[in-house]
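Okay, so here's the structure we're looking at.
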Amino acid sequence: MMGRLLCLCSLAVVLLVAACAPEPAATDPIARGRQVYRELGCANCHEGSITNFFRPVGPPLDRVGQAAAKRVPGLSAEDYLRQSITDPAAYLVPGYPDSMPRGLARDLSPEDLAALVAYLASLR
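Take any residue in the sequence shown, note its place counting from 1, add 6, and you have its number in the numbering used here.
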């Protein structure tokens, strides 16, 4: 009986530790980009968690891939998104403050930046 209880407790500990382990890095660029988006907390400003008089501080990103393709003539959606992340003041969306964190790209590896851009470009 004691052996069974010890075995059950050990199993519970193993399952608890496995549940607390960090999510493994995704290998698909879009999946990795979604993971980076979540880790950086982008949704806080772009999905309305932080509001400025009851609207998101940053523009909504649910269709940003489609909108980015049309924002600056001659610039691809990917280039627009990359520029907006690396130099947030380069292109401001009318009606939204210049509140994007500076230096965000400095903290990202080139692979994570590319994955974040791929994820955002996929939002259509």
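By construction, the Cβ of each residue, glycine as well, lies at the ideal position given by its N, Cα and C atoms. Bear in mind that the values here come from a model prediction, so they are computed numbers and not experimental data.
task: Report the residue from Ser128, Ala124, Ile91, Glu45 whose alpha carbon sits nearest the alpha carbon of Pro35.
output: Ala124
- prompt: Using the rule of at least 16 other Cβ atoms within 10 Å of the residue's Cβ for burial, across every protein chain shown, is Ser90 buried or exposed?
  reply: buried
Secondary structure of Pro35, DSSP reduced to three states: helix
- request: Verify whether the separation of the beta carbon atoms of Leu87 and Ala74 is less than 9 angstroms.
  value: yes
task: Helix, strand or coil for Ala27, going by three-state DSSP, please let me know.
output: Annotation note: pLDDT 47 at Ala27 (below 50); position unreliable, no value reported.
query: Taking C-alpha atoms, which residue in Leu122, Ala127, Arg130, Leu129 lies nearest to Thr33?
result: Checked all of Leu122, Ala127, Arg130, Leu129; the closest Cα to Thr33 is Leu122.
query: Quick one: Cα of Asp104 to Cα of Pro62, how far?
result: 13 angstroms
- prompt: Going by other Cβ atoms of all chains shown within 10 Å of its Cβ, with 16 needed for buried, is Ala27 buried or exposed?
  reply: Low per-residue confidence applies at Ala27: pLDDT is 47, beneath 50, and the placement is therefore not dependable, though the value from the model is reported in the following sentence. It counts as exposed.
- prompt: Between the Cα of Ser128 and the Cα atoms of Asp68, Glu117, Arg108, which residue gives the shortest distance?
  reply: Asp68
Rounded C-alpha distance that separates Ala37 from Arg108: A straight-line Cα-Cα distance of about 24 angstroms links Ala37 and Arg108.
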